[in-house]
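Colleague: For the sequence shown, counting from 1, position 37 maps to 37 in UniProt numbering; every step adds exactly one.
In this text, a Cβ means the ideal position worked out from N, Cα and C, and glycines have one as well.
Just so you know, these numbers come straight off a predicted model, no measurement behind them.
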Amino acid sequence: MAHKDWTVDDWKRVVWSDETKINRFNSDGRTWTWIRSGESLKSHHVKMTVKHGGGNIMLWSATTYAGVG
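(1) To the nearest whole angstrom, what separates the beta carbons of residue 47 and residue 23, a pair I think is in contact under 8 Å?
(2) Rounding to the nearest angstrom, what Cα-Cα distance links residue 62 and residue 49 in this structure?
(3) Sorted by chain position, which residues of the same chain lie with C-beta nearer than 7 Å to residue 53's C-beta, five sequence neighbours on each side aside?
(4) If you follow the beta strand (DSSP E) that residue 18 is part of, which residue opens it and which one closes it?
(5) Alpha helix (DSSP H) containing residue 60: first to last residue?
Structure (structure tokens):
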């Protein structure tokens, strides 16, 4: 609650920013596939891979009282 007493003018000086990464193929995280004992592996159980990761896009943005940046 450090900023609960801020005025509008105080908030006008704040820059909000964030970033995200979008992968072209698949996720960076681990994935699991469960099959029953005796069941054969089907094509929908297999994850496609691309050499060298397939690339990704990094996005960054900021916004202020005056607009986006």
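Modeller: Straight from the coordinates:
(1) In fact, because the Cβ distance is near 12 Å, the residues do not count as touching under 8 Å.
(2) 33 Å
(3) Non-local beta-carbon contacts of residue 53 in its own chain, meaning distances under 7 Å to residues more than five positions away in sequence, are absent.
(4) Per DSSP, residue 18 belongs to the beta strand (DSSP E) from 16 to 23.
(5) Premise fails: residue 60 lies in the beta strand (DSSP E), 56 to 64, not in any alpha helix (DSSP H).
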